[in-house]
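Asks: One structure coming up, written as structure tokens, with questions to follow.
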Amino acid sequence: MTNLSVNINKVATLRNARGENTPDVERVAVDCERFGADGITVHPRPDERHIRHDDVIALRPLVKTEFNIEGYPSDDFMRLVLMVRPEQVTLVPDAPDAITSSAGWDVAAHMEMLTSIVDRLHEVGVRASIFVGTDPANIKAAAATGADRVELYTKPYADMYPSDPEAAVAPYVEASMAAHKAGLGVNAGHDLNLENLKFFHERLPYLNEVSIGHAIISDALYLGLEAAIRQYKACLQ
Ligand SMILES: CC(=O)[C@@H](O)[C@H](O)COP(=O)(O)O
Ligand SMILES: NCC(=O)COP(=O)(O)O
0 MTNLSVNINK VATLRNARGE NTPDVERVAV DCERFGADGI TVHPRPDERH
50 IRHDDVIALR PLVKTEFNIE GYPSDDFMRL VLMVRPEQVT LVPDAPDAIT
100 SSAGWDVAAH MEMLTSIVDR LHEVGVRASI FVGTDPANIK AAAATGADRV
150 ELYTKPYADM YPSDPEAAVA PYVEASMAAH KAGLGVNAGH DLNLENLKFF
200 HERLPYLNEV SIGHAIISDA LYLGLEAAIR QYKACLQ
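Residue 0 is where the sequence shown starts when you use numbering that gives the first Met the number 0, and the numbers rise one by one after that.
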């Protein structure tokens, strides 16, 4: 079974446009779970342009499925996640001013730092996932940090899927097998959508979780949130 974790960053983007509390991020998280989401993902960025630290704290007791917090492991980020203790933290190598995530870690180049961060997460019982591309050697290095999972950065897949789906998915199949062989679980995310998700899920062995935000929230404008989540879940059957 592959879990669907709904990323609600974009709900906070909309809320922040007016400085009040519409739409209500906490209510949306609870409703996503009611509509079938297996998890809630947030990616608090240093400028708090969408999810804020106080959202993360407020969401913790409300999320009854799996809470996944993504971000660069700065001191601020680590203080937050060690206090909130979500089910999973996904370490992402984004610069503070990144518009969105655009690459995975070069794990070997950050081995010492990532290993010590993974240790700190494990000390408080939090699953650690490392955001990576599809290079099998890099994935093997991720296993050497002691991490539990990798999250495969799927934008290259999403970009190539319309022209050549087989070539687009091939490196991800290899990456997933390398992760499994190294003892890692496999997550995936970035730019997955209703067009490309079903094929990705059919082809990828060992896919534990996808986290999807931008496309689900965009589709919800037309379909409604409940129908959007149900359609994404159907791609994972
Ligand atoms: C790691 C990842 O791929 C997502 O967290 C993505 O970066 C979403 O972040 P934004 O919603 O800020 O684009
Ligand atoms: N980890 C990926 C994620 O949470 C959502 O990415 P996107 O669907 O907003 O591109």
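No residue lacks a Cβ here, since even glycine has one placed at the ideal position from N, Cα and C.
This structure is a prediction, so every number in the text was calculated from the model and none was measured.
Please identify the residue among Arg78, Phe130 and Leu120 whose C-alpha is closest to the C-alpha of Ser101.
Replies: The sequence position of residue 101 within the sequence shown is 102, counting from 1. Looking at the Cα atoms, Phe130 is the closest of the given residues.
Asks: Apart from the five residues on each side of it in sequence, which residues of its chain come closer than 6 Å, Cβ to Cβ, to Ser175?
Replies: By 1-based counting over the sequence shown, the position of residue 175 is 176. Correct list, in chain order: Val185, Leu203, Pro204 and Tyr205.
Asks: Please report how far the alpha carbon of Leu3 lies from the alpha carbon of Glu111, in whole angstroms.
Replies: Within the sequence shown, numbered from 1, the residue matching residue 3 stands at position 4. Within the sequence shown, numbered from 1, the residue matching residue 111 stands at position 112. About 31 Å.
Asks: Quick one: what's got a C-beta closer than 8 Å to Val27's C-beta in the same chain, skipping five residues either side?
Replies: Working through the sequence shown from its first residue, we reach residue 27 at position 28. Excluding residues within five positions, the ones whose Cβ falls inside 8 Å are Ile7, Val10 and Leu224.
Asks: Could you check the C-alpha separation between Ala141 and Asp190 for me, to the nearest Å?
Replies: Taking the sequence shown and counting its residues from 1, the one referred to as residue 141 is at position 142. Taking the sequence shown and counting its residues from 1, the one referred to as residue 190 is at position 191. Looking at the two C-alpha atoms, the distance is approximately 23 Å.
Asks: Where in the stretch 5-40 do unbroken runs of the alpha helix (DSSP H), each at least 4 residues long, occur, reported from the N-terminal end onward?
Replies: Listed in chain order, the complete alpha helix (DSSP H) runs (minimum 4 residues) inside the stretch 5-40 are 8-15 and 24-33.
Asks: Give me the Cα-Cα distance between Ile216 and Asn195, rounded to the nearest whole angstrom.
Replies: Translated into positions along the sequence shown, residue 216 becomes position 217. Translated into positions along the sequence shown, residue 195 becomes position 196. Those two C-alpha atoms are separated by around 16 Å.
Asks: Any idea if Glu208 is buried or exposed, counting beta-carbon neighbours within 10 angstroms, 16 or more meaning buried?
Replies: Numbered from its first residue, the sequence shown carries residue 208 at position 209. Label assigned to Glu208: buried.
Asks: Can Pro170 and Thr133 be called in contact, C-beta distance under 8 Å?
Replies: Looking up residue 170 in the sequence shown gives position 171. Looking up residue 133 in the sequence shown gives position 134. Contact: yes.
Asks: I need the boundaries of the beta strand (DSSP E) containing Leu151, first residue and last residue.
Replies: Position 152 of the sequence shown, counted from the start, is the residue given in the question as residue 151. Start and end: Arg148 to Tyr152.
Asks: Cβ of His109 within 7 Å of any heavy atom in ligand 1?
Replies: Along the sequence shown, one-based indexing puts residue 109 at 110. Answer for His109: no, Cβ out of range of ligand 1.
Asks: Give the secondary structure of Ala233 by DSSP, where H, G and I count as helix, E and B as strand, and everything else as coil.
Replies: Locating residue 233 in the sequence shown gives position 234, counting from the first residue. Three-state DSSP puts Ala233 in a helix.
Asks: Please tell me whether, using a cut-off of 7 Å, the distance from the CB of Lys9 to the nearest non-hydrogen atom of ligand 1 is below it.
Replies: For the purposes of this step, residue 9 is taken as residue 10 along the sequence shown, with counting starting at 1. Correct: Lys9 has its Cβ closer than 7 Å to ligand 1.
Asks: If you run the structure through DSSP and keep just helix, strand and coil, what is Asn207?
Replies: Within the sequence shown, numbered from 1, the residue matching residue 207 stands at position 208. Three-state result, Asn207: strand.
Asks: Consider the C-beta atom of Asn6 and the heavy atoms of ligand 2; say whether any pair is separated by less than 7 Å.
Replies: If you number the sequence shown from 1, residue 6 lands on position 7. Yes.
Asks: With a Cβ-Cβ cutoff of 8 Å, do Val123 and Ile138 count as a contact?
Replies: Start at 1 with the first residue of the sequence shown, and residue 123 comes out as number 124. Start at 1 with the first residue of the sequence shown, and residue 138 comes out as number 139. Contact flag unset, no.
Asks: In the DSSP assignment, find the unbroken alpha helix (DSSP H) run with Ile116 in it and report its ends.
Replies: Reading the sequence shown from its first residue, position 117 is the one you call residue 116. That run of the alpha helix (DSSP H) goes Met110 to Glu122.
Asks: Answer yes or no: do Val88 and Thr40 have a C-beta to C-beta separation smaller than 8 Å?
Replies: Stepping through the sequence shown from its first residue, residue 88 is reached at position 89. Stepping through the sequence shown from its first residue, residue 40 is reached at position 41. The answer is no: Cβ separation not under 8 Å.
Asks: Between Tyr231 and Pro155, what straight-line distance do the alpha-carbon atoms span, to the nearest angstrom?
Replies: In the sequence shown, counting from the first residue as 1, residue 231 sits at position 232. In the sequence shown, counting from the first residue as 1, residue 155 sits at position 156. C-alpha separation (whole angstroms): 20 Å.
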